[in-house]
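Participant:
In our numbering, the protein residues as written are 72 to 145.
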């Protein structure tokens with residue numbers, strides 16, 4: 072079964088003099104539709120997964136995450 076997530080990000084660079092010169096802001100979200108990661112056991116043809124849960128090295132179980140990033144060059 073396929074597993075697809077959508078991420079969204081918007082960035083703005085301030086075009087002013089003074090304190091905000093060479094500064095920017097980024098706001099975004101990962102997995103905006105809050106998709107659950109597939110279970111490791113789903114690939115078992117009998118339906119009895121040997122490792123119930125998800126593959127942590129590939130998927131993030133936190134679901135939707137929102138972030139804010141501030142940048143400033145000195």
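We put the CB at the ideal spot given by N, CA and C, even for glycine.
Along the chain, where does the beta strand (DSSP E) that runs through residue 84 open and close?
Facilitator: Looking at the DSSP string, the run of the beta strand (DSSP E) that includes residue 84 is 79–84.
Participant: Have a look at residue 75 and residue 137 and give me their C-alpha separation to the nearest angstrom.
Facilitator: Looking at the two C-alpha atoms, the distance is approximately 18 Å.
Participant: So, for residue 81: in the same chain, excluding its five sequence neighbours on each side, which residues have a beta-carbon less than 6 Å away from its beta-carbon?
Facilitator: 98
Participant: Which value, in whole angstroms, describes the spacing of the CA atoms of residue 108 and residue 131?
Facilitator: 7 Å
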